[in-house]
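See structure below.
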Amino acid sequence: MSLQSYALFLRAFAANPKSVGALFPSAPALAYGMTKHLTFFPHDHVVELGPGTGSFTRYILAKLASPKQYLGVELNPKFTQELKQQFPYAEFACGQAEQLETILKLHQRPMIDHLISGLPFASLPKEVTTQIVEAVADATTTKATFTTFQYLHAYQFKNAKEFRAQMEEKFGPLIRVRWVLFNMFPAAVLTWQKKPSLTTLEL
Ligand SMILES: C[S@@+](CC[C@H](N)C(=O)[O-])C[C@H]1O[C@@H](n2cnc3c(N)ncnc32)[C@H](O)[C@@H]1O
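The sequence shown runs 0 to 202 under numbering that gives the first Met the number 0.
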């Protein structure tokens, strides 16, 4: 990551700490941990929520047969601009994850097979999390996966626990939890799948 990109991330955190939710973009170890277990087939539609400055994006795109399978949804217009420059062959929507259905329609995209989220659910207001979880449940196919991370120090925060409970209600129990220590800060990678199928996930 360039110094310029990191400065952009820091400024965004200073302006809106709860929305950015982290002082540092995720490390390559976490980006690898967020994607290594997912199998993307050439017809799969993959959406990333909160790509920020693109830490996970390059790992996701590297696993896809075509960048046309990917859509990034980022709230911050400056991050979106930076993402478009960094990955000119991929599509990004500047908008709220809560508006997922409208965003998919605008971009003429089908239901989602895999969602990868960098959203800071431990610091987002509860009503925003509820809207996002509902939007995600409605916009995903019947066997869709949802992968996100939560920092070790925030894992037992009320908002983090409530988010996990809401996901469980919509997707069923967590099917995979892996800890990544080489990240600032150590984090758990969490995956849900609506109807678990070993063909889309390597445990
Ligand atoms: C913790 S940063 C993660 C960035 C990147 N994925 C990483 O791990 O380095 C959270 C990102 O979520 C974005 N975000 C926060 N709320 C959002 C929302 N409601 N819809 C879309 N993006 C949102 C922020 O702008 C920020 O880029």
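Beta carbons are placed, not taken as given, at the ideal position from N, Cα and C, and that holds for glycine.
Practice item. Specify the secondary structure class of residue 216 as computed by DSSP and reduced to three states. Key: Residue numbering for the chain in the displayed model covers 0 to 202; residue 216 lies beyond these limits and cannot be assessed.
Review point. Along the chain, where does the beta strand (DSSP E) that runs through residue 116 open and close?
Key: Per DSSP, residue 116 belongs to the beta strand (DSSP E) from 111 to 116.
Point to revise | Buried/exposed call for residue 88, threshold 16 Cβ in 10 Å | key: Classification of residue 88: exposed, given that the 10 Å Cβ count is below 16.
Review point. When every heavy atom of ligand 1 is checked, does at least one fall within less than 7 Å of the C-beta of residue 84?
Key: Remark: the C-beta of residue 84 is outside contact range of ligand 1, defined as less than 7 Å to any heavy atom.
Review point. Cβ-heavy atom distance between residue 182 and ligand 1 below 7 Å?
Key: Within the chosen limit of 7 Å, ligand 1 does not reach the beta carbon of residue 182 with any heavy atom.
Exercise for review: Classify residue 8 as helix, strand or coil using the three-state DSSP reduction.
Suggested key: DSSP places residue 8 in helix when its eight states are reduced to three.
**Study point:** Alpha-carbon spacing of residue 196 relative to residue 128, whole angstroms
**Key:** Their backbone Cα atoms lie some 26 Å apart in a straight line.
Practice item. Determine the closest residue to residue 39 out of 69, 16, 15, with distance taken between C-alpha atoms. Key: It is 69 whose Cα lies nearest to the Cα of residue 39.
Review point. Ligand 1 heavy atoms versus the CB of residue 73: any closer than 7 Å?
Key: The answer is yes for residue 73.
Review point. Based on the DSSP secondary-structure assignment, which residues constitute the bridge partners of residue 163?
Key: Residue 163 is not bridged to any residue.
Practice item. Return yes when the C-beta of residue 200 is under 7 Å from any heavy atom of ligand 1, and no when it is not. Key: Not under cutoff, so the answer is no.
Review point. Within the chosen definition, does the region 18 to 26 reach the region 46 to 57 through at least 3 CB pairs nearer than 8 Å?
Key: The region 18 to 26 and the region 46 to 57 touch, with no fewer than 3 CB-CB distances between them shorter than 8 Å.
Check your understanding: Are residue 110 and residue 140 close, meaning C-beta to C-beta below 8 Å?
Key -> Yes. Within cutoff.
Exercise for review: Using 10 angstroms around the beta-carbon of residue 108, count the other beta-carbons present and answer buried if the total reaches 16, otherwise exposed.
Suggested key: Buried, because 16 or more other Cβ atoms sit within 10 Å of the Cβ of residue 108.
Exercise for review: Determine the closest residue to residue 82 out of 163, 188, 147, 3, with distance taken between C-alpha atoms.
Suggested key: Sorting 163, 188, 147, 3 by C-alpha distance to the C-alpha of residue 82 places 3 at the top.
Practice item. For the beta strand (DSSP E) containing residue 73, list its first residue and its last residue. Key: Residue 73: member of the beta strand (DSSP E) spanning 69 to 73, first to last residue.
Practice item. Return yes when at least one heavy atom of ligand 1 lies under 7 Å from the C-beta of residue 21, else no. Key: The answer is yes for residue 21.
Practice item. Run the proximity test for residue 105: is its beta-carbon closer than 7 Å to any non-hydrogen atom belonging to ligand 1? Key: For residue 105, the shortest separation between its Cβ and any heavy atom of ligand 1 does not lie below 7 Å.
Review point. Of all the options 164, 160, 169, 152, which has the alpha carbon lying nearest to the alpha carbon of residue 182?
Key: The shortest Cα separation from residue 182 among 164, 160, 169, 152 belongs to 152.
Point to revise | Unbroken alpha helix (DSSP H) run spanning residue 148, endpoints | key: Premise fails: residue 148 lies in the beta strand (DSSP E), 139 to 150, not in any alpha helix (DSSP H).
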